[in-house]
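J.:
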């Protein structure tokens, strides 16, 4: 791999596409990457998807290349703007993103919802609700329960899109730093991809939510992006401005600070996920439910 990686990278930079033959990963099932097979050095499919992600390329559908061999093609991503270049309304790229199509997010989010376990008829607050795609996980996690759902988003167009998708919910176009005073208390508070937004102070917002908007038995699910969406692709790793490669230091610091703060106030905390790290907090005295799988 130490020879292959720079060679593929250089070819991609020069031509925008590179094709090469490798041993068929299916033939080496059960072997670790780097172990020998009759057709060459084994590497699983995940190695090639990771390589494509690392180099900013699409892994195209492989072709057969003789017995025990396949032909791979990597094509460099086309230039694309950040998904927030047009804002967060229905005309921006963020409106195209449905995180529930990521199987890891779907599974870990349903697990997190079932850990909090809001009661039938309970109240759910979704901060930074955007177009409301993730609210579809509620009936998946609790097919026999209904909830009073309240959403908040700073972008009026995004809030309107959420209203159209979930007419039964109450959606406010408002700043999460100045929540309506009559909002009330909730059995579940969601804040996905919000706490690292400009203008949001995590410690201040979490303290306000805990004191003013959580029921005594309520819980929180906080989401921290650990990926970049751009041009139809999902690329692993939190990005920092002006850094060429992903850097997880701010993500780790924010998750750690939130975890410590909530534990100090008698919550037990679970940290799960991959492309979005989910921090789930429930009261320390609560029993964690079983049967969390989708």
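In full-length UniProt numbering, the protein residues as written are 1 to 294. Glycine is no exception: its CB is placed at the ideal position from the N, C-alpha and C atoms.
#1: Under three-state DSSP, which class holds residue 256?
#2: Taking residue 9 as the reference, give the member of 31, 246 and 53 with the closest Cα.
#3: For the alpha helix (DSSP H) that residue 220 lies in, which residues bound it at each end?
#4: Do you know whose CA, among 20, 129 and 49, lies nearest residue 152's CA?
#5: Cβ of residue 245 within 9 angstroms of Cβ of residue 83?
#6: Determine, using beta carbons only, whether residue 23 and residue 48 come nearer to each other than 9 angstroms.
#7: Report the three-state DSSP secondary structure of residue 58 (helix, strand or coil).
#8: With residue 153 as the anchor, note down where its beta strand (DSSP E) starts and where it stops.
#9: Kindly list the residues whose CB is nearer than 7 angstroms to the CB of residue 62, restricted to its own chain and excluding five residues on each side of it in sequence; keep chain order.
#10: What is the residue span of the alpha helix (DSSP H) that residue 10 lies within?
#11: Figure out for me which residue from 200, 208 and 90 has the closest Cα to the Cα of residue 164.
#12: Whole angstroms is fine: what's the gap from residue 297's alpha carbon to residue 189's?
#13: When you compare only the Cα positions, how much space is there between residue 133 and residue 67?
#14: Less than 9 angstroms between the beta carbons of residue 276 and residue 227, yes or no?
#15: Whole angstroms are fine: how far does the CA of residue 194 sit from the CA of residue 18?
#16: Shorter than 8 angstroms, the distance from the beta carbon of residue 41 to the closest heavy atom of the ligand MG, or not?
#17: From the DSSP output, read off the bridge partner residues of residue 19.
#18: Could you say which of 56, 32 and 16 lies nearest to residue 42 if we only look at CA atoms?
#19: Determine the burial state of residue 224: buried for a count of at least 16 other Cβ atoms within 10 Å of its Cβ, exposed for fewer.
#20: For residue 209, count neighbouring C-beta atoms within 10 Å of its own C-beta (all shown protein chains included) and say buried if the count is 16 or more, exposed if not.
#21: Buried or exposed for residue 117, please, with buried defined as at least 16 other CB atoms from any protein chain shown within 10 angstroms of its CB.
#22: Please report the Cβ distance between residue 251 and residue 186, rounded to the nearest whole angstrom; I am assuming they are in contact, meaning their Cβ atoms lie under 8 angstroms.
#23: Quick one: grab the DSSP three-state call for residue 249.
#24: Quick check on the burial criterion: 16 or more other C-beta atoms within 10 angstroms. Buried or exposed for residue 296?
#25: Count the other C-beta atoms from every protein chain shown that fall within 10 angstroms of the C-beta of residue 3, then say buried if there are 16 or more, exposed otherwise.
#26: With DSSP collapsed to three states, give me the class of residue 287.
#27: Going by DSSP, what residues sit across from residue 93 in a beta bridge?
T.: According to the structure data:
#1: It is helical.
#2: Looking only at 31, 246 and 53, the smallest Cα-Cα distance to residue 9 is reached by 53.
#3: If you look at residue 220, you'll find it isn't in any alpha helix (DSSP H); it sits in the beta strand (DSSP E) that goes 214-225.
#4: Ranked by Cα distance from residue 152, the first of 20, 129 and 49 is 129.
#5: Between residue 245 and residue 83, the CB-CB gap reaches or exceeds 9 angstroms.
#6: No, these two residues do not count as a Cβ contact at 9 angstroms.
#7: Residue state, collapsed to three classes: strand.
#8: Where residue 153 is concerned, the enclosing beta strand (DSSP E) stretches over 148-153.
#9: Taken in chain order, the residues that qualify are 70, 71 and 72.
#10: Residues 4-15.
#11: Sorting 200, 208 and 90 by C-alpha distance to the C-alpha of residue 164 places 90 at the top.
#12: Because the chain here runs from 1 to 294, residue 297 falls outside it and cannot be looked at.
#13: Approximately 45 angstroms, taken between the alpha carbons.
#14: Yes.
#15: If I take the Cα positions, the gap works out to 38 angstroms.
#16: Of ligands this structure carries none, so the ligand MG is not represented either.
#17: According to DSSP, residue 19 bridges with 73.
#18: Answer by Cα proximity: 32.
#19: Buried: at least 16 other Cβ atoms inside 10 Å.
#20: Taking every protein chain shown into account, the CB of residue 209 has 16 or more other CB atoms within 10 angstroms, so this residue is buried.
#21: Burial call: buried.
#22: Actually they are not in contact, since the Cβ atoms of residue 251 and residue 186 sit about 26 angstroms apart, beyond 8 angstroms.
#23: Helix, per DSSP.
#24: Any property of residue 296 remains undetermined from this structure, which presents the chain solely from 1 to 294.
#25: Exposed is the call here.
#26: It is coil, neither helix nor strand.
#27: Paired residue(s): none; residue 93 is not in a bridge.
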